[in-house]
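Right, one structure below, let's go through it.
6 protein chains.
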Amino acid sequence: MAACFVEGPMAVVVQNTKRTDLELVDALGAFGVATIHEAQGRTGLLAAHLRPIYRPVRVAGNALTCEVAPGDNWSIHVAVEQARPGDILIVSPTSPCEDGYFGELLATSLVAHGVRGLVIDAGVRDVAELTAMGFPVWSKAVNAQGTVKETPANVQTPIVCAGAYIRPGDVVIADDDGVVVVRREDAEKVRAASQSREDNEAEKRQRLASGELGLDMYAMREQLEQRGLRYVDGSGE
Amino acid sequence: MAACFVEGPMAVVVQNTKRTDLELVDALGAFGVATIHEAQGRTGLLAAHLRPIYRPVRVAGNALTCEVAPGDNWSIHVAVEQARPGDILIVSPTSPCEDGYFGELLATSLVAHGVRGLVIDAGVRDVAELTAMGFPVWSKAVNAQGTVKETPANVQTPIVCAGAYIRPGDVVIADDDGVVVVRREDAEKVRAASQSREDNEAEKRQRLASGELGLDMYAMREQLEQRGLRYVDGSGE
Amino acid sequence: MAACFVEGPMAVVVQNTKRTDLELVDALGAFGVATIHEAQGRTGLLAAHLRPIYRPVRVAGNALTCEVAPGDNWSIHVAVEQARPGDILIVSPTSPCEDGYFGELLATSLVAHGVRGLVIDAGVRDVAELTAMGFPVWSKAVNAQGTVKETPANVQTPIVCAGAYIRPGDVVIADDDGVVVVRREDAEKVRAASQSREDNEAEKRQRLASGELGLDMYAMREQLEQRGLRYVDGSGE
Amino acid sequence: MAACFVEGPMAVVVQNTKRTDLELVDALGAFGVATIHEAQGRTGLLAAHLRPIYRPVRVAGNALTCEVAPGDNWSIHVAVEQARPGDILIVSPTSPCEDGYFGELLATSLVAHGVRGLVIDAGVRDVAELTAMGFPVWSKAVNAQGTVKETPANVQTPIVCAGAYIRPGDVVIADDDGVVVVRREDAEKVRAASQSREDNEAEKRQRLASGELGLDMYAMREQLEQRGLRYVDGSGE
Amino acid sequence: MAACFVEGPMAVVVQNTKRTDLELVDALGAFGVATIHEAQGRTGLLAAHLRPIYRPVRVAGNALTCEVAPGDNWSIHVAVEQARPGDILIVSPTSPCEDGYFGELLATSLVAHGVRGLVIDAGVRDVAELTAMGFPVWSKAVNAQGTVKETPANVQTPIVCAGAYIRPGDVVIADDDGVVVVRREDAEKVRAASQSREDNEAEKRQRLASGELGLDMYAMREQLEQRGLRYVDGSGE
Amino acid sequence: MAACFVEGPMAVVVQNTKRTDLELVDALGAFGVATIHEAQGRTGLLAAHLRPIYRPVRVAGNALTCEVAPGDNWSIHVAVEQARPGDILIVSPTSPCEDGYFGELLATSLVAHGVRGLVIDAGVRDVAELTAMGFPVWSKAVNAQGTVKETPANVQTPIVCAGAYIRPGDVVIADDDGVVVVRREDAEKVRAASQSREDNEAEKRQRLASGELGLDMYAMREQLEQRGLRYVDGSGE
């Protein structure tokens, strides 16, 4: 989409991108990240170095994607204008950087436009204020280091953030365990699979709580023996 | 289905291993990790990258050791059957891996068998639920990434976990500062040395709180001079 | 493409994917990674933790993409069958892992099918033998740790490798500086832009070698003054 | 017992160094680290790997500088004698080390002499006790590993701590975002600039909260266009 | 063996420990690290952060084990006296440290006593001189930082080095791929298994070089299908 | 010197700074980094993550200091004008960044002005060309990632680079072991101390090569016993 073959920095903002219906987004947000990640075949997880600035926390929203140049947060200001209620801002630097790209003022602006949180593969600051505001953030670092505004970067284009490929309008769910992305076209199926998974877990939980062994509940003993597991006695040592 | 064509891994479960008496375990658990580590000559500490998922926290128990293949938590299910009340599960991957090997269901199962906590040189997930349950965990990472069940690994054999050598039935104590292991045969002596150390600290604490200098309390001035420490005046700079 | 919403691991192999013409691939391979990266607007670079196992080295080829489970190299065997002369194998684990997924035997097999090299966001082994063979490898680690063959993963699907999004048949160029991907549809334009860039550099190199300052050659002095650069004398200090 | 045979380390303690007036120190402490860092032209920040052991927290004080040998905390005892009310102890190892140099007893001693907190580019222990005491600490690691007392190092000399150059009596401010140093001779001006910055932010916050865009408030649109930002429509995709 | 429960540092040197016969050591040294690691069931590998200071290189020897305090290399001098021809010195710090514990003078001394190389989970210096001497070293870092001689540590006791448990007289083999330890009592069996593995690989290599696919040679196709691998056509994309 | 308390980036270039006499610089360059570091009391070392792009290599020169903004190499162009024959360019980013700030063209320009090498706490590119030119570089990373030219930074001011405080005209020596800085006012004394140290080592080397033990040569046995070292027999195990 961007004319990516020319020399020098050039950036695009893609407007009016499709989003996932918020009812569906919220339904996915009712499940935890681990459940959704399992329900879609263990895909879609962002790297585990992204951590929430406070706990417990859980949020779901439409991805509002935003690249930033290293040490430069200009395009975040551009992204705010593209925000719609129910979005989560997803920020990825074009080369690794842990500066504090984001703080209380930008959060105030995002809240005014209905944005539910921030996922950033870089640093944030004002974490005391962000925590007091209840604005959820997942970041690679906490860092007071400020940034300049000299180089714009892409907004609402597909990006790679913390190792995951994310397109505008994909659903992002984040909680204490991390961050996962669900493709817009898979959202309905992943909701169903997550619900089915959760229903299934309730029964398992009860049986395990009563002392039943996973070895028996999952009928693992024969397979383990075939795979070479052997039992020996250690009482004499 | 078996891993047929390679000379492969084989795994053992050692049953009926000896444990340290729980009264002694609990006595050690009354001391902090730093005290015990000092009391046994600054040995036995696990690497500092193991961090508790919530604070404050302290627990002590008999080591229930468990290896896991990378990205594979099958042997944790095997380990549950070997658990006895008062154990702490100690999990070490056979090659470094930060996947989320452990979550709420396994914790529910361990609690049902009297296990007091988990120390894992890898990742965990469901940390909101584990925190709500009050199930103590020390891990290298928090990570929603799931694991498979294809390759069994050793249970209740001596292992290296986070740089420390741990045998089944050794005593493991963990708190906000980290994790330490006490050899079963040393447990009684380490209890005494820890008590003596703690008694000694109470008096020191009082003297320091009253303003006495460590330089005087420990009689360090002469030694420092011998080692070449010199005092100069900086008031003119 | 893969039914990514169902529970459990499932993998696909996409056959007969399009490739970039080898003449064009080789033309790109005549430029270094830094030149190509600049020529396409500073995009497409893989993370700098990928390093060549020997230097100097340069190679270009069509991306033959391959995911692997953590600690499991089964799908690399699957990928070999999909190889075509002029390919470079691009391997990315589904969760971070530094095991030694690849060694001399797999390299021998790839060479027999015309594959020109390997880019892997994980570990390799047999590096002495690979170096002696002249088989180029860029990896995250060198590690003798072996892998199992239990869990297949996707071959020839779009993947994220070391932070870059790569599709089968995109062009990958790698040298001492790192690894860059060029989208198949941009390859022709990037070739032209790279050539233009290189022509331009020859003249710059000559002027700089003769002592001309970049400040003058690029006419930077006025801009620097506008940006607040000031000169002061330090001879008196 | 002396370090006899090597050309060895020698250490100095600089006494009676100047300090910044505490009224000024406290005035700076009213601002957050991010504000002060911006107010002095984005300088003075310590590396972001220094993290507080509890949150929220904020403190300001005069730097009481102290080097330590790797695995050796002897000079911290020396530093206590040099402490004055309103100081913050700044500790930097002479080569990287993450041992637990500092715990509850040293904190008790420092509190008795009016020291307000600790910044250490190494590890600390007894974090549960330090948290309960309300003694603020910023460190690189939490680590129960103890240290010896064999090698003195410099106290109250200029040091590099976490990448920042700090002299005795410079002002150090630390909060949830990190740690910043203000040179003693700049403290008055930085106070004024911080106040001006904070006044300015109050109005911005209000406008952003009402929904005004940063693009308009900061008049960025023309500059962004000049820098090559382009808007495209994505509704058809 | 050491009275590890007493307060304060105390160290032991275990003399006259058993060694593995050098003929057997040399036989193992004829195989690469990856082969031996596989032949003993993928165990015994030291962490991959240990890298050789020059390549190519391969060596095998009896482990001469040595702990060191952080920033203190005194016990290496103690270890030299315990050296026997055919030993490899294995050094592990009691807490993590990357100082340059070892250089040309110590290497000169070790060579004079028949020691074949060094494996150290810390830093080394004089790497130009060590390379010129042809003295093989595997280390965690190259670092000119010197060390003191104040705190002795254990020599010829079992240690954990880079995550592996090593006893005096175990066999250590190291090459470009890393470092592996073979238990003294397993050495004969591992030699046989390694030979068998190598014999087997020669035939595989030839078949793969001729273009035979691993999928066929290892008869993997049916298993892959059972595990859910599916082939789809991508020619229309 | 810079008005560091005002808002916004402002940068200075300090001209006509003093340098160390090149004869003295070259005399220091005759010693290795480890020797010089020891000779000045184990101070002045830059962090060990700085590694040479080729080996073996050794160079010494006057520090030509240069800060750079993250992802922005503009001030390197400014620094070239300040270069004098015998300088080494020392580059430090104002916040951590591993982009490829420097390549063949800048090296060509520096060589034309007599600069002897580069030390950069960030990334470089064109390492094949730099190696072929024989231009020595010590860097934190090799990275093809390009930089912009938007934000000037200080040139020839005192800086912190890789944890060391360096002023213009201080002497920097770099070799395979790393990088060390000698203060201009200490250069003469450090030369003498280094020579004395090297003379002393020649005799030690000879004695150690003949088999004499360090324990005897340094008369360590009594001290070791006093520090608690004990010898035990392990032949019966």
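In order, the protein sequence lines correspond to chains D, Y, G, A, R and L.
Oh and the first sequence: position 224 is 320 in this note's numbering, straight run, nothing missing.
Oh and the second sequence: position 41 is 137 in this note's numbering, straight run, nothing missing.
Oh and the third sequence: position 221 is 317 in this note's numbering, straight run, nothing missing.
Oh and the fourth sequence: position 163 is 259 in this note's numbering, straight run, nothing missing.
Oh and the fifth sequence: position 2 is 98 in this note's numbering, straight run, nothing missing.
Oh and the sixth sequence: position 190 is 286 in this note's numbering, straight run, nothing missing.
No residue lacks a Cβ here, since even glycine has one placed at the ideal position from N, Cα and C.
It should be emphasised that the depicted structure is a prediction, and the values quoted were computed from it without experimental measurement.
| task | Check the Cβ of G/Ser-331 against every Cβ in chain L and list those closer than 8 angstroms, keeping chain order. | result | Gln-111, Asn-112, Thr-113 and Lys-114
| query | Is it the case that the Cβ atoms of L/Val-153 and L/Asp-273 are separated by a distance below 8 angstroms? | reply | no
| query | Do the CB positions of D/Val-276 and D/Asp-266 come within less than 8 angstroms of each other? | reply | no
| query | Quick one: any contact between the stretch 288-299 of chain L and the stretch 225-234 of chain L, if contact means 3 or more CB pairs under 8 angstroms? | reply | no
| said: Counting beta carbon pairs with one atom in the stretch 194-213 of chain A and one in the stretch 239-246 of chain A, are three or more of them shorter than 8 angstroms? | reply: Short answer: they touch.
| said: Taking the alpha carbon of G/Thr-131 as the reference point, which residue from L/Val-223, L/Leu-120 and L/Pro-189 has its own alpha carbon closest? | reply: In terms of CA proximity to G/Thr-131, L/Val-223 leads the group L/Val-223, L/Leu-120 and L/Pro-189.
| Nearest-angstrom Cα distance between L/Ala-249 and L/Gln-178? | 14 angstroms
| task | Tell me whether the beta-carbon of R/Thr-247 lies closer than 8 angstroms to the beta-carbon of R/Thr-161. | result | no
| task | For R/Asp-122, collect the residues of the same chain with a Cβ closer than 8 angstroms to its Cβ; drop the 5 residues on either side in sequence, then sort them by chain order. | result | Ala-156
| query | When the Cβ atoms of the stretch 169-176 of chain D are set against those of the stretch 171-185 of chain L, are three or more pairs found closer than 8 angstroms? | reply | no
| Minimum C-alpha distance to L/Ala-126 - residue among L/Glu-294, L/Gly-210 and L/Ser-306 | Of the listed residues, the one whose Cα sits closest to L/Ala-126 is L/Glu-294.
| query | Closer than 8 angstroms, CB to CB, is Y/Glu-200 near chain G or not? | reply | no
| request: Label G/Gln-322 either buried or exposed according to how many other C-beta atoms from any shown protein chain fall within 10 Å of its C-beta, with 16 as the threshold for buried. | output: exposed
| task | Within the stretch 277-327 of chain A, note down every full alpha helix (DSSP H) run reaching 4 residues or more, in order along the chain. | result | 283-305, 310-313 and 317-322
| query | When the cut-off is 8 angstroms and only beta carbons count, does Y/Thr-190 lie next to chain R? | reply | yes
| field | As assigned by DSSP and simplified to three states, the class of A/Gly-140 | value | coil
| message | Buried or exposed for Y/Arg-326, going by 16 or more other Cβ atoms inside 10 Å? | response | Classification of Y/Arg-326: exposed, given that the 10 Å Cβ count is below 16.
| task | Mind listing the chain D neighbours of G/Tyr-261? Cutoff is C-beta to C-beta under 8 angstroms, in chain order. | result | Below the 8 angstroms Cβ cutoff, chain D contributes Pro-254, Val-256 and Tyr-261 as neighbours of G/Tyr-261, in chain order.
| query | How would you list, in chain order, the residues of chain Y whose beta-carbon sits under 9 angstroms from the beta-carbon of R/Met-229? | reply | Here the premise fails: no neighbours, minimum Cβ distance about 31 angstroms.
| task | Could you please tell me which residues of the stretch 206-227 of chain Y, in chain order, have their CB closer than 7 angstroms to any CB of chain G? | result | none
| task | Starting from the N-terminal side, write out each stretch of the beta strand (DSSP E) that is 3 residues or longer and does not extend beyond the stretch 169-198 of chain L. | result | 183-189
| message | So, at 6 angstroms on beta carbons, what are the nonlocal neighbours of G/Val-102 in its own chain, with the 5 sequence-adjacent residues on each side left out? | response | At G/Val-102, the pLDDT of 38 sits below 50, so the modelled position is not reliable; the number obtained from the coordinates is stated separately. Around G/Val-102: no qualifying Cβ.
| task | Taking R/Thr-204 as part of the alpha helix (DSSP H), name the residues at either end of that continuous run. | result | 200-208
| field | Minimum Cβ-Cβ distance from R/Gly-167 to chain Y less than 8 angstroms | value | no
| message | Can you pull the chain A neighbours of L/Arg-147, defined as C-beta to C-beta under 9 angstroms? | response | None at all; the shortest Cβ gap to chain A is about 16 angstroms.
| A/Leu-214 versus R/Val-109: straight-line alpha-carbon distance, rounded | Rounded to the nearest whole angstrom, the CA to CA distance from A/Leu-214 to R/Val-109 is 39 angstroms.
| query | According to the neighbour-count rule (16 or more other Cβ atoms, all chains shown, within 10 Å of its Cβ), is G/Asn-169 buried or exposed? | reply | buried
| request: Closer than 7 angstroms by beta-carbon distance: list the chain D residues that pair up with A/Lys-236, in chain order. | output: Within chain D, no residue comes near A/Lys-236; the closest Cβ sits about 14 angstroms away, beyond 7 angstroms.
| query | Taking buried to mean at least 16 other C-beta atoms within 10 Å of its own C-beta, is A/Asn-296 buried or exposed? | reply | exposed
| field | Top-ranked residue by Cα proximity to G/Ala-228, from G/Arg-263, G/Ala-203 and G/Asp-117 | value | G/Ala-203
| message | Run through chain R and tell me which residues come within less than 8 angstroms of A/Cys-162, C-beta to C-beta. | response | None at all; the shortest Cβ gap to chain R is about 17 angstroms.
| message | If you follow the beta strand (DSSP E) that L/Asp-214 is in, where does it begin and where does it stop? | response | Residue identity differs from the one stated: residue 214 of chain L is Leu in this sequence, not Asp. Segment 213-220, the beta strand (DSSP E) holding L/Leu-214.
| message | My assumption, with CB atoms under 8 angstroms, is that G/Gln-136 sits in contact with G/Asp-312. Please give the rounded CB distance. | response | In fact, because the Cβ distance is near 29 angstroms, the residues do not count as touching under 8 angstroms.
| message | Quick check: R/Ile-184 and R/Val-220, are their CB atoms within less than 8 angstroms of each other? | response | no
| task | Mind listing the chain G neighbours of L/Glu-194? Cutoff is C-beta to C-beta under 8 angstroms, in chain order. | result | Ala-144
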